[in-house]
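Mapping to the working numbering: the sequence shown position 65 is 560, numbers consecutive.
C-beta atoms are modelled at their ideal positions from N, C-alpha and C, and glycine is treated no differently.
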Amino acid sequence: MDDTSRILFEKAKKLIPGGVNSPVRACRNVDSVPLFIAKARGSRLTDVDGREYIDFVLSWGPMILGHAEPCVVEAVHSAASRGMSFGAPCPDEVALAEELVAALPGVDMVRMVNSGTEAAMSDLRLARAVTGRDKVVKFVGCYHGHADPFLAAAGSGVATLSIPGTPGVPAAVAADTLLAPYNNLEAVRECFDKQGAAIAAVIVEPVAANMGLVPPAPGFLEGLRELTLSHGALLIFDEVITGFRVTFCGAQTRFGLDPDLTVLGKIVGGGLPVGAFGGKRRFMEHVAPQGSMYQAGTLSGNPLAMAAGLATVRKLKTLDYGALESRTAAFAETLGGILRAKGVAAQTPCIASMFGLFFNEREVRDFTDAQQCDQKLFTSFYKQMRASGIYLAPSAFETGMVSFAHGDDDFARALEAANKVNF
Ligand code: HOZ
496 MDDTSRILFE KAKKLIPGGV NSPVRACRNV DSVPLFIAKA RGSRLTDVDG
546 REYIDFVLSW GPMILGHAEP CVVEAVHSAA SRGMSFGAPC PDEVALAEEL
596 VAALPGVDMV RMVNSGTEAA MSDLRLARAV TGRDKVVKFV GCYHGHADPF
646 LAAAGSGVAT LSIPGTPGVP AAVAADTLLA PYNNLEAVRE CFDKQGAAIA
696 AVIVEPVAAN MGLVPPAPGF LEGLRELTLS HGALLIFDEV ITGFRVTFCG
746 AQTRFGLDPD LTVLGKIVGG GLPVGAFGGK RRFMEHVAPQ GSMYQAGTLS
796 GNPLAMAAGL ATVRKLKTLD YGALESRTAA FAETLGGILR AKGVAAQTPC
846 IASMFGLFFN EREVRDFTDA QQCDQKLFTS FYKQMRASGI YLAPSAFETG
896 MVSFAHGDDD FARALEAANK VNF
């Protein structure tokens with residue numbers, strides 16, 4: 496069935512650890528071989544054996560316009576024809592910064608980097624620099640990339656592969672990461688009661704999307720804002736996934752909140768390797784060379800990446816997020832109904848163009864709840880859907896993504912495939 500992918504994977508395993516360049520792709524926990532992709536367009540992927548799949552992963556979020564969106568392809572072609580990298584400023588990085596600052600209330604200034612990991616670690620360094628404190632509060636099951644301070648109890652691949660998260664992370668670094676369950680304000684309050692004077696920042700995914708999809712409980716984000724303000728700590732919104740996904744702007748706009756620092760990635764790079772860290776001017780002015788918090792990158796603000804991000808964000812401005820949200824909600828609700836009608840407990844939480852799938856009795860509010868889901872049912876569902884040409888994230892601790900390129904036929908075919916699944 497996956498013949499060429501299998502052959503490539505066998506070869507890759509001898510050359511690349513685990514055969515993949517990022518662990519979540521390995522499909523280990525769903526007892527499958529990763530598909531090697533030959534090309535993609537709109538909502539569809541084609542693997543190296545010529546099989547077509549409806550893509551609900553979208554490169555883990557960036558491809559909200561669908562694959563190979565003509566305006567983005569054209570912008571990248573045009574940029575490439577003018578040179579691949581200058582190691583010097585280019586006009587598109589100013590234009591993209593202008594778009595991000597205009598869209599995000601918590602971002603007065605922004606620095607481009609090359610990945611969400613880099614952006615998150617830089618925002619934390621900045622929070623530490625401006626507060627003179629070392630500790631950070633993070634939530635169990637949230638994922639902020641693979642920098643040392645964020646691997647404790649992390650979601651995404653760390654959760655999927657049940658990796659403890661800290662081998663290679665110095666104990667002293669791990670000790671500065673304080674953990675609290677998502678949606679549990681009381682636990683955060685306790686952290687502040689005990690160690691408030693040492694806490695530089697609270698970092699949160701405003702919609703948790705790396706332990707499956709877990710929306711914030713009413714009052715949770717507002718409570719974080721109050722607690723951080725009252726203790727002189729900074730609030731960092733990790734909007735790598737939610738930025739330009741949950742509205743044209745981000746979760747901070749959707750929920751009416753004003754974080755001190757914001758982590759960006761994925762969509763703002765239009766599918767090229769981009770991250771960005773931003774925040775209030777009084778904090779960002781500490782970043783070198785304006786200030787003394789050092790951060791740098793040879794390829795930061797790369798002209799191809801900036802062109803892709805800029806074309807994507809400008810196109811998104813013209814599109815109807817409400818319609819995309821309604822289509823996604825209808826899809827998730829119908830999917831949940833189909834699964835429950837088969838006699839299995841299933842939750843399909845949904846927000847904007849993201850949906851989750853937990854084979855759980857009850858609503859999931861944190862990582863402990865998420866871990867209760869039936870992994871065997873998930874694996875069976877994943878494999879059968881993939882065999883029917885539906886490409887889902889290979890873990891219950893990831894989130895389904897829908898793009899503006901998904902049409903009625905894509906949803907209908909996915910639901911038809913779900914209808915055929917046997918448990
Ligand atoms: N945040 C992404 C997964 N939820 C990252 C993808 C990866 O680790 O490859």
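| query | result |
| --- | --- |
| In this structure, does DSSP put Asp-643 in helix, strand or coil? | helix |
| Output the distance between the C-alpha atoms of Gly-895 and Ser-500, rounded to the nearest integer angstrom. | 23 Å |
| Identify every residue that forms a DSSP beta bridge with Phe-634. | Ala-675 |
| Taking the continuous beta strand (DSSP E) assigned at Ala-771, which residues delimit it? | 770-774 |
| Of all the beta strand (DSSP E) runs that stay within the bounds of the stretch 699-765, which reach a length of 3 or more residues? | 729-733 and 756-760 |
| With DSSP run on the structure shown, which of helix, strand or coil describes Ala-882? | helix |
| Less than 7 Å between the CB of Gly-893 and some heavy atom of ligand 1, yes or no? | Reading the sequence as shown, one finds Glu at residue 893 and not Gly. Answer for Glu-893: yes, Cβ within range of ligand 1. |
| Going by DSSP, what residue range makes up the alpha helix (DSSP H) through Thr-813? | Careful: Thr-813 lies outside any alpha helix (DSSP H) and carries neither H nor E. |
| How many Å lie between Ala-575 and Lys-810 at the Cα? | 20 Å |
| Between Ser-517, Leu-591, Leu-530 and Pro-518, which lies nearest to Thr-807 when the distance is taken from Cα to Cα? | Leu-591 |
| Using the rule of at least 16 other Cβ atoms within 10 Å of the residue's Cβ for burial, across every protein chain shown, is Phe-762 buried or exposed? | What sits at residue 762 in the sequence shown is Ile, not Phe. Buried: at least 16 other Cβ atoms inside 10 Å. |
| Sorted by chain position, which residues of the same chain lie with C-beta nearer than 8 Å to Val-596's C-beta, five sequence neighbours on each side aside? | Val-602, Asp-603, Met-604, Val-605 and Gly-773 |
| Please report the distance separating the alpha-carbon of Arg-740 from that of Ala-647. | 26 Å |
| Buried or exposed: where does Tyr-886 fall if 16 or more other Cβ atoms within 10 Å of its Cβ makes it buried? | buried |
| Just reading off the alpha helix (DSSP H) that Ile-549 is part of, what are its end residues? | Where Ile-549 is concerned, there is no enclosing alpha helix (DSSP H), although the beta strand (DSSP E) it sits in stretches over 547-550. |
| Compare the beta carbon distance of Phe-743 and Pro-701 with 8 Å and say whether it is the shorter of the two. | no |
| Secondary structure at Ala-806, three-state DSSP: helix, strand or coil? | helix |
| Ile-532 lies in the beta strand (DSSP E); which residues open and close that run? | 532-536 |
| Using the three-state DSSP reduction, which class does Leu-540 fall into: helix, strand or coil? | strand |
| Taking the C-alpha atoms as reference points, what is the distance between Gly-640 and Ala-615? | 7 Å |
| CA-CA distance, Leu-674 and Arg-908? | 41 Å |
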